[in-house]
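First the structure, in the form of structure tokens, and then the observations on it.
Protein chains: 6
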Amino acid sequence: MKLHDFLIEEDIKSALKEDIGFGDITTDALVADDAVLSGNLNSRSEGILCGCSVFEKVFKILCNDIKIKFYFKDGDFIACGDKIADISGNARCILTGERTALNYIQRLSGIATETKKYQDAIGDYPTKIVDTRKTTPNFRIFEKYAVKTGGGALHRFNLSDCAMIKDNHIRLAGSIGNAVDKLKENLSHAHKIEVECDTLQQVKEALNCDVDIIMLDNMTISDMKSACDLINGRAIVEASGNVTLQTIKEIASTGVDIISSSAIVSKAPTLDLALDI
Amino acid sequence: MKLHDFLIEEDIKSALKEDIGFGDITTDALVADDAVLSGNLNSRSEGILCGCSVFEKVFKILCNDIKIKFYFKDGDFIACGDKIADISGNARCILTGERTALNYIQRLSGIATETKKYQDAIGDYPTKIVDTRKTTPNFRIFEKYAVKTGGGALHRFNLSDCAMIKDNHIRLAGSIGNAVDKLKENLSHAHKIEVECDTLQQVKEALNCDVDIIMLDNMTISDMKSACDLINGRAIVEASGNVTLQTIKEIASTGVDIISSSAIVSKAPTLDLALDI
Amino acid sequence: MKLHDFLIEEDIKSALKEDIGFGDITTDALVADDAVLSGNLNSRSEGILCGCSVFEKVFKILCNDIKIKFYFKDGDFIACGDKIADISGNARCILTGERTALNYIQRLSGIATETKKYQDAIGDYPTKIVDTRKTTPNFRIFEKYAVKTGGGALHRFNLSDCAMIKDNHIRLAGSIGNAVDKLKENLSHAHKIEVECDTLQQVKEALNCDVDIIMLDNMTISDMKSACDLINGRAIVEASGNVTLQTIKEIASTGVDIISSSAIVSKAPTLDLALDI
Amino acid sequence: MKLHDFLIEEDIKSALKEDIGFGDITTDALVADDAVLSGNLNSRSEGILCGCSVFEKVFKILCNDIKIKFYFKDGDFIACGDKIADISGNARCILTGERTALNYIQRLSGIATETKKYQDAIGDYPTKIVDTRKTTPNFRIFEKYAVKTGGGALHRFNLSDCAMIKDNHIRLAGSIGNAVDKLKENLSHAHKIEVECDTLQQVKEALNCDVDIIMLDNMTISDMKSACDLINGRAIVEASGNVTLQTIKEIASTGVDIISSSAIVSKAPTLDLALDI
Amino acid sequence: MKLHDFLIEEDIKSALKEDIGFGDITTDALVADDAVLSGNLNSRSEGILCGCSVFEKVFKILCNDIKIKFYFKDGDFIACGDKIADISGNARCILTGERTALNYIQRLSGIATETKKYQDAIGDYPTKIVDTRKTTPNFRIFEKYAVKTGGGALHRFNLSDCAMIKDNHIRLAGSIGNAVDKLKENLSHAHKIEVECDTLQQVKEALNCDVDIIMLDNMTISDMKSACDLINGRAIVEASGNVTLQTIKEIASTGVDIISSSAIVSKAPTLDLALDI
Amino acid sequence: MKLHDFLIEEDIKSALKEDIGFGDITTDALVADDAVLSGNLNSRSEGILCGCSVFEKVFKILCNDIKIKFYFKDGDFIACGDKIADISGNARCILTGERTALNYIQRLSGIATETKKYQDAIGDYPTKIVDTRKTTPNFRIFEKYAVKTGGGALHRFNLSDCAMIKDNHIRLAGSIGNAVDKLKENLSHAHKIEVECDTLQQVKEALNCDVDIIMLDNMTISDMKSACDLINGRAIVEASGNVTLQTIKEIASTGVDIISSSAIVSKAPTLDLALDI
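Protein chains in written order, with my numbering: chain A, 4 to 280; chain B, 4 to 280; chain C, 4 to 280; chain D, 4 to 280; chain E, 4 to 280; chain F, 4 to 280.
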């Protein structure tokens with residue numbers, strides 16, 4: 004996944020406006036317009052680095068000739084104390100942009116780090132951890148990027164790139180069969196159909212309808228195993244619910260292909276990085 | 004703090020676009036345009052509710068005549084299992100808007116809940132927990148609102164509403180005295196000056212300069228006590244660094260007025276709320 | 004597919020600004036602010052109506068209490084001379100909004116009409132005509148909606164909702180096999196893979212890789228037949244190239260599932276509708 | 004007419020966002036970030052080239068150091084098979100931007116080509132083909148530019164740069180005379196007045212009012228001749244209605260100065276150009 | 004000229020954001036959310052009222068059910084002490100919106116008042132005062148509206164609705180004749196040509212070229228008279244330069260049709276209006 | 004105060020769009036795309052220069068390689084006839100951008116000049132002239148910058164960076180004491196409290212509440228003196244009302260710290276600067 008510069012530029016400018024307001028009244032008063040500074044971005048904890056290009060872009064927007072040299076790249080493991088980057092250039096820009104730049108890279112690295120923990124907890128199983136649509140409003144593209152950087156896979160981006168039949172859809176349509184039939188009449192051939200199943204009975208119905216993905220929602224480990232046996236490769240199997248660092252390996256052991264969890268995004272703490280001048 | 008409808012409308016529309024893309028291909032295919040639904044917003048954990056007006060606005064944007072009746076209001080404690088609201092109206096709009104509405108209210112309630120825990124941990128001391136500028140890019144106004152709703156107080160909104168002299172400013176200006184002098188020449192009479200101090204020596208210097216707020220940065224409990232004794236009401240005292248639910252009461256006991264922590268925003272897990280149809 | 008009001012409102016306001024500039028200098032000078040008018044939207048040719056809600060929204064933006072009553076709805080066939088709608092209300096708003104409203108509905112109805120012709124030309128074959136990404140910049144959601152309204156199906160919305168391996172991707176990856184392998188490592192489980200094939204040999208390679216959709220690009224009728232025999236239901240088959248109203252039935256007869264053509268959008272003439280006051 | 008870079012940049016970025024969504028999932032997975040490509044923009048039909056700077060800008064937004072060398076310029080005739088441009092640079096950017104760049108240049112060249120056909124069909128008469136306000140919403144500046152590039156002239160840009168009294172205005176004002184009088188009281192001295200006339204009688208009335216432009220709306224050839232004789236240079240004469248490649252020369256022969264037609268924009272097919280890598 | 008609600012809404016929201024920032028910290032703290040207020044908009048000086056709909060819109064954006072009753076309308080003369088409007092409704096919205104609403108109406112009324120003074124100073128001559136393009140960036144539509152409301156006429160809106168040949172254009176083209184010839188080849192038939200003349204010799208040249216408007220730039224009264232005699236109705240005559248309340252009548256006496264001056268906009272003091280609660 | 008390039012770029016682009024519309028129809032027709040020009044920015048009056056970077060940015064947006072060399076900088080005094088800058092580069096860009104660039108620099112210099120006059124009129128008193136929130140909608144950051152450049156100080160930026168208790172707030176709260184108490188419960192420790200006082204009695208009340216700033220609103224000179232004596236350094240004292248170039252020195256002589264006046268912004272005439280090619 005690539006964060007195109009022009010796609011994120013507007014977001015970053017908006018974040019800078021949010022933090023600068025009418026101006027950095029401290030720095031503008033105390034620092035000469037032509038003063039220069041140099042410093043380092045250092046790690047104060049360990050984790051997966053994510054957001055280098057965003058970090059750099061923040062400063063470039065303020066001052067195009069700032070120099071940043073990274074010693075790590077997105078996806079790299081960083082230890083506590085590692086020097087991540089050198090930064091040098093106009094002092095006002097560095098001081099004014101510092102907080103916004105850190106806010107991006109700390110949050111993205113936090114999500115990448117959390118994702119990596121979940122993926123690692125799965126061990127040797129081929130199962131992948133994936134994210135959900137439970138993201139911070141207007142921040143999804145960054146969060147998706149961080150999940151991918153942390154070694155996770157991605158679920159659908161939004162409501163228009165994969166059909167997902169949930170309990171309410173089933174209720175309104177009358178049955179899984181009705182829902183899938185109606186959906187297939189309308190859906191683009193370019194999109195997949197996923198059905199959320201609460202019971203093995205529903206799994207059987209979904210299988211009969213020849214859907215692409217079957218989500219096992221909040222099932223027991225033993226039901227998940229039975230479901231995987233039933234499905235036997237005829238659909239991609241996704242597990243959801245009760246996913247923690249403690250439970251994820253056992254869930255993976257049931258044979259599911261995909262484990263989705265909002266926790267890797269919405270409950271990930273930020274990673275502690277600091278700009279030392 | 005009031006979240007003006009017109010101020011947040013644009014953010015919410017943008018979040019809906021982010022989640023809807025070219026359309027909710029599942030719901031549009033399965034649910035008739037005139038179908039209606041009713042359901043409840045329920046709590047699946049306990050905490051402080053925050054974001055009712057935002058939650059409602061999401062659905063109003065999709066369908067102006069949706070009906071939502073809240074049984075709690077922002078700032079109320081909600082227990083696990085509490086019914087927070089009834090919702091009824093156009094089925095497509097409820098299903099299409101559900102995720103975005105929940106993303107807002109879960110995140111805001113999570114921050115309010117975390118803030119409340121920190122404030123409660125302070126006990127009877129008059130000290131207030133306050134937030135920082137370590138916020139999610141382009142989401143600060145919501146996060147500030149949630150901190151306030153959770154019983155916290157607010158630090159400056161951004162770089163233009165309060166001057167804060169940090170270590171790098173001091174280094175560039177030569178001394179705290181120089182920095183404050185230079186700042187006072189430039190600063191609006193409407194704005195305060197805060198100085199970040201690492202040592203008791205710096206606290207003395209700042210006091211001599213007659214600043215409004217002195218931040219004790221990463222000091223030991225005993226140094227914080229000495230600093231408060233020194234300052235003795237001549238400036239507002241803010242403590243920062245190593246603030247956890249475990250340490251906050253002892254920090255408050257030193258006599259500081261304000262304890263600032265990014266954790267109440269950037270490390271707060273979302274609160275588990277669900278829309279049951 | 005649903006055109007959410009809030010999604011199109013911004014586009015329509017922008018189109019009105021484009022056409023109004025600093026004001027409708029003729030109408031503002033000649034028509035009293037409280038004058039009222041009534042008129043009809045009439046058809047001056049035959050085709051498929053599309054864009055009623057957009058037409059109405061244009062006037063609602065200018066004057067919220069304008070009354071419009073439609074006698075047909077999106078997707079309906081309209082004959083030359085049919086009265087499509089009554090409109091009445093503030094005269095200035097009707098005169099100022101007329102051109103923009105017609106620009107939308109004429110263009111959308113033109114595309115729906117052209118799509119219908121292609122779908123009808125397929126006759127009884129189960130094959131569907133679908134659109135492509137060859138759309139007018141910043142107008143795609145309207146064009147997609149018109150294709151759907153005209154009875155066509157939709158291809159992917161953009162570059163992020165379905166992977167399509169084209170000739171250049173194959174060349175850069177070395178082979179179809181390499182490309183699919185590499186893609187599967189990276190792709191979300193929620194997304195399909197389509198491969199563009201120029202030859203039967205490529206079709207075989209794609210089949211071996213177990214892809215979701217195989218596009219037969221500019222193949223002869225006889226090669227398309229052979230390809231469909233080869234594929235035999237193991238992938239969705241899409242035909243592309245040389246699609247005209249004359250050729251489409253024979254292409255459908257080869258057994259392909261989908262025929263894609265940019266012509267239904269980019270070469271569709273507008274439908275002649277007029278507002279008679 | 005000049006398409007200022009800063010004026011179109013925002014439109015192009017928006018078009019790229021429309022087509023890229025969350026990312027080009029195929030290219031990002033298959034092509035290395037530092038891979039390079041070179042290719043040509045070739046013509047697969049004949050016509051008038053239009054949109055070179057827009058085509059180039061699309062790629063520049065994605066990757067500032069892409070190299071494009073054009074062998075033709077806007078307004079040039081291109082034959083089928085002509086190499087229009089060389090392109091080389093970052094492979095991802097070329098593949099990701101290809102469709103959007105082509106969508107612009109194909110559509111603009113299509114309009115320029117259609118315009119040229121109409122102007123050529125007029126032969127040696129001094130009459131000019133001009134466009135109308137029947138344009139694609141939010142795409143008018145590009146379409147105007149293409150008409151100009153194709154050798155056509157332009158009508159007013161929007162409702163604020165020339166007053167045009169249409170049938171409904173006449174009806175509401177009571178007469179052409181009333182309308183013109185009222186308009187002259189209000190209008191800027193910098194703007195012209197055009198009157199749409201259906202009959203020779205109306206032409207006489209308009210002449211008496213000393214208006215700048217008289218439009219002959221859907222008149223017969225013989226009435227147009229009589230109108231031109233009547234007007235005899237005292238106003239610019241514009242013909243409108245029933246303008247086709249077959250009828251335009253005869254319309255021009257009546258002596259009108261200007262023939263306006265929406266067909267050159269709204270019914271122009273796109274020109275077939277392709278990027279061959 | 005009509006200020007369409009949807010055209011100005013975005014500007015007003017942006018102005019409110021500019022003034023509200025993160026919130027009205029005083030009012031939000033001191034005034035209950037359901038408190039109500041009533042008050043009057045009163046005049047503290049005399050002049051021409053302008054901007055009633057803008058004033059009202061500011062409050063409507065904050066609180067849709069605010070009640071405002073105007074006793075005067077745009078263009079009316081108001082004396083010092085006149086009650087212009089009653090306002091009642093939500094107290095927070097009235098207090099928070101007050102400054103922005105006044106900023107609009109005071110500035111627009113100031114411009115209308117200044118324009119009226121200039122037009123009145125012309126006395127019985129048929130000459131009209133008109134504005135120029137010397138306006139406040141991003142505020143032109145409001146300033147144009149105020150000039151019109153004050154009884155002035157308008158010059159071109161911007162660079163695209165009337166051609167004006169200035170000294171530098173003449174120099175680059177070689178002569179007025181060359182410039183007009185070249186312009187006529189390119190210009191839309193819907194647009195006029197104005198030539199800026201510094202000398203009577205240039206006036207003669209412009210007349211020979213049959214242009215629509217001749218501007219006499221910084222000429223003496225006697226030269227203006229001679230120019231008007233020369234032109235004798237064959238072009239609209241505009242005077243520019245040295246226009247003050249003292250000189251304008253004598254300028255009008257020379258027979259010019261139009262006197263343009265930036266002073267009515269850029270040097271107009273705001274009109275003193277106040278909201279008394 | 005620093006006008007960050009990225010903060011003003013959007014405003015300037017918008018102003019250019021406002022003035023260019025669909026294009027500079029005169030210049031585009033008359034001037035070759037590769038023609039070059041050079042000229043000077045000259046002063047035709049005397050005052051304080053302000054807006055150099057904005058002036059330059061206007062042209063840079065149109066044509067990145069334009070060359071501008073300034074002989075003065077923001078804040079410098081310029082005499083009538085002074086050459087302020089050389090400009091050279093693409094002729095079209097210079098002619099098309101001229102008006103917008105001048106509109107910015109003339110207005111900002113006008114405000115800076117007016118501010119300087121007021122500050123100078125204060126003479127040797129340490130009092131500072133400050134601006135108010137009576138600014139042009141959506142132009143405040145530029146106006147604040149000009150006040151600062153002219154040697155004035157700034158009041159609060161907007162409603163969120165300093166609390167100001169006005170008469171209506173006092174009335175709604177019951178008393179100054181109540182208002183301050185309620186405010187202190189809610190206010191951030193980072194923000195100051197100002198109270199607007201009409202009488203000496205109110206000054207006493209405000210002093211008792213230990214507020215940061217006391218505004219003396221429309222008081223007589225003798226009351227202002229008494230108020231300053233009363234306050235005696237325990238709060239910053241701001242005078243407001245009846246501030247003119249004639250009265251300001253006497254107001255300063257009363258001992259107030261700050262004199263606020265909207266006149267320096269809202270009644271400042273533009274400064275006469277011209278671009279001579």
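Beta carbons: idealized from backbone N, C-alpha and C, even for Gly.
The model shown is predicted, which means the values in this text are computed figures rather than measured ones.
Check: Would you mind telling me which residues of chain C sit closer than 8 Å to glycine 244 of chain D, beta carbon to beta carbon, in chain order?; Outcome: Neighbours of glycine 244 of chain D on chain C: none; closest Cβ ~12 Å, over 8 Å.
Check: Between isoleucine 1 of chain D and glycine 153 of chain D, which are expected to be in contact by the criterion C-beta below 8 Å, what is the C-beta distance as a whole number of angstroms?; Outcome: There is no way to answer for residue 1 of chain D, as the model of chain D reaches only from 4 to 280.
Check: My assumption, with CB atoms under 8 Å, is that isoleucine 93 of chain D sits in contact with cysteine 66 of chain D. Please give the rounded CB distance.; Outcome: Sequence check: residue 93 of chain D is asparagine here, not isoleucine. About 5 Å separates the two Cβ atoms, so the contact holds.
Check: For my contact list, isoleucine 97 of chain F and leucine 40 of chain F are in at a C-beta cut-off of 8 Å; report their separation, rounded to the angstrom.; Outcome: 5 Å
Check: Nearest CA to the CA of arginine 95 of chain F: which residue from E/Leu190, E/Ser265, E/Glu12 and E/Leu175?; Outcome: E/Leu175
Check: Can you pull the chain C residues whose beta carbon is under 7 Å from the beta carbon of leucine 65 of chain E, in chain order?; Outcome: Those do not exist, as leucine 65 of chain E stays about 19 Å from chain C at its closest Cβ, beyond 7 Å.
Check: Got a sec, what are the start and stop residues for the alpha helix (DSSP H) alanine 242 of chain A sits in?; Outcome: Segment 239 to 243 is the beta strand (DSSP E) holding alanine 242 of chain A; no alpha helix (DSSP H) there.
Check: Which residue wins for smallest C-alpha separation from isoleucine 87 of chain B, given the options B/Phe73, B/Asp77, B/Phe80 and B/Asp79?; Outcome: B/Phe73
Check: Apply the 10 Å Cβ neighbour rule to alanine 271 of chain D and answer buried if 16 or more other Cβ atoms are within range, or exposed otherwise.; Outcome: buried
Check: Would you tell me roughly how many angstroms separate the C-alpha atoms of serine 263 of chain E and alanine 18 of chain E, rounded to the nearest one?; Outcome: 29 Å
Check: Does leucine 10 of chain B have its Cβ less than 8 Å from a Cβ in chain E?; Outcome: yes
Check: Contact check, glycine 84 of chain D vs serine 46 of chain D under 8 Å by CB: the rounded distance?; Outcome: 6 Å
Check: Which bits of chain B does phenylalanine 58 of chain A rub up against, with CB to CB less than 7 Å?; Outcome: Within 7 Å Cβ-Cβ: nothing; phenylalanine 58 of chain A doesn't reach chain B, min ~12 Å.
Check: With a Cβ-Cβ cutoff of 8 Å, do leucine 105 of chain A and leucine 274 of chain A count as a contact?; Outcome: no
Check: Using the Cβ count rule (16 or more neighbours within 10 Å means buried), how would you classify alanine 238 of chain A?; Outcome: buried
Check: Does any C-beta atom of chain F lie closer than 8 Å to the C-beta of aspartate 27 of chain E?; Outcome: yes
Check: At the 8 Å Cβ level, is aspartate 31 of chain A part of the contact set with chain F, yes or no?; Outcome: yes
Check: Taking the alpha carbon of methionine 167 of chain B as the reference point, which residue from B/Ser112, B/Cys200, B/Asp123 and B/Asp77 has its own alpha carbon closest?; Outcome: B/Cys200
Check: So that I know if they touch, is there some Cβ in chain D lying closer than 8 Å to that of leucine 157 of chain E?; Outcome: yes
Check: Would you say isoleucine 261 of chain C and valine 133 of chain C are within 8 Å of each other, going by their C-beta atoms?; Outcome: yes
Check: Which residues in chain E have a C-beta closer than 7 Å to the C-beta of isoleucine 239 of chain D? List them in chain order.; Outcome: His192
Check: I want to verify the contact list: residues of chain F whose CB lies under 7 Å from the CB of aspartate 22 of chain E, in sequence order.; Outcome: Arg136, Asn161 and Leu162
Check: Contact criterion: CB-CB distance below 8 Å. Does methionine 227 of chain D meet it with respect to chain F?; Outcome: no
Check: Based on Cα-Cα distance, which residue from D/Asp226, D/Asp220 and D/Ser163 lies nearest to lysine 20 of chain C?; Outcome: D/Ser163
Check: Verify whether the separation of the beta carbon atoms of isoleucine 108 of chain C and glutamate 146 of chain C is less than 8 Å.; Outcome: no
Check: Per DSSP, isoleucine 196 of chain C forms a beta bridge with which residues?; Outcome: C/Ala166
Check: Note down, in chain order, every chain D residue with its Cβ under 8 Å from the Cβ of aspartate 85 of chain E.; Outcome: The contacting residues do not exist; aspartate 85 of chain E stays about 28 Å from chain D at best.
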